[in-house]
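Right, one structure below, let's go through it.
Residue numbers (the numbering used here): 1009 to 1386.
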């Protein structure tokens, strides 16, 4: 429930000046306003002269660090930051984590959670740790069963490992967003890390767009999380994103997501493919090259080989278009059999020779959908 902003900021002030503070981040901006810096991070430090509150601000070009003494000096510095029109505050203490989000109406949405455990967990407890607690009130709104929440959390971990260090600002597109579990979770995680983030969810269904938009309004983030109805290949998205997500887009929809990411010149791409019917159908229509007929003679083996071949060719094509690519498992197969993740980052390095890719497609006589989509005439 929304609260008066002054009351929420007074609570933040008390936490920032409390000895139990461990870290705080301010970022984003309020509607129609812009702070003088894009991000501020506060943490306690111990120097030769004693305890200090370290404040690191970033104007978008470089960071600036200062250490202020407890008491009036720290109070004045904190008051100056609280006067800035930041859109988000994320405050961690030894006892709790508090997130404050300023709505379009200038009110505050406040979320509290118990502090993360600092001691090493027992082995049987490790699987219970999440980047977003499954009990987070966010899930009361967006729904999703335990399996879906585990998949989303695993995807967020892959995101955290891939987009590092996190930039001050980030534009994200979730292609084939469906019920938008990942869309909202990515926003909540990135905003909680102090990133000035905007997220667009794309789904072909208009009723899904309306449902997700209403959800964003209830969550108070409709100015930062929006949805459009359209195909992955053609839905209007402007400006182009920095990060493209695609979780379990079926068959060639994953290829459409990858192709669009390449055309946008996205810095990062995270795509977890789903079914792989296209290459499997092509393999059924022609004899296998020698000495490999045994690999595809049995239907189940042909389907599994098609999965591997499809994702190997996708990774190769991304490399040929200037990306460094890893194919990894993002979650244990007991949670979903579709657990591979294509993790790509754009580089300035020259692409490799296409010889290996050309030899593979020639030998098997297949034409990957992604190759068609990335040709100039596609």
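All C-beta atoms in this analysis are idealised placements derived from N, C-alpha and C, irrespective of residue type, glycine included. Bear in mind that the values here come from a model prediction, so they are computed numbers and not experimental data.
- Residue pairing by DSSP places residue 1107 opposite 1098 and 1119 in a beta bridge.
- Nearest in C-alpha terms to residue 1169, of all of 1370, 1338 and 1220, is 1338.
- Restricting attention to 1378, 1277, 1281 and 1295, the CA atom closest to the CA of residue 1331 is found in 1277.
- One thing to note: residue 1179 has its Cβ within 8 Å of the Cβ of residue 1249.
- The Cβ atoms of residue 1257 and residue 1240 sit closer than 8 Å to each other.
- Secondary structure note for residue 1112: it is in no alpha helix (DSSP H), with a DSSP letter that is neither H nor E.
- Taken atom to atom, the span from the alpha-carbon of residue 1252 to that of residue 1271 is near 11 Å.
- Annotation: residue 1085 to residue 1044 spans about 14 Å, alpha carbon to alpha carbon.
- One Cα belongs to residue 1061, the other to residue 1211, and the distance between them is close to 45 Å.
- The beta-carbon distance between residue 1381 and residue 1321, rounded to whole angstroms, is 12 Å. This is too long to meet the 8 Å contact definition.
- When rounded, the separation of the alpha-carbon atoms in residue 1319 and residue 1158 is 23 Å.
- Judged by their CB atoms, residue 1260 and residue 1286 are nearer to each other than the 8 Å cut-off.
- In the three-state DSSP reduction, residue 1200 falls in the helix class (H, G or I).
- With a cutoff of 8 Å on beta-carbon distance, residue 1066 and residue 1039 are scored as not near each other.
- Under DSSP, the beta-bridge partners assigned to residue 1063 are 1050 and 1074.
- Under the three-pair Cβ rule at 8 Å, the stretch 1096-1104 counts as touching the stretch 1017-1025.
- Taking the C-beta atoms as reference points, residue 1376 is found nearer than 8 Å to residue 1325.
- Contact check for residue 1281 and residue 1348: beta-carbon distance about 6 Å, within the 8 Å limit, so the pair qualifies.
- Beyond the five residues adjoining it in sequence on each side, residue 1049 comes within less than 6 Å, by CB distance, of 1033 and 1064 in the same chain, given in chain order.
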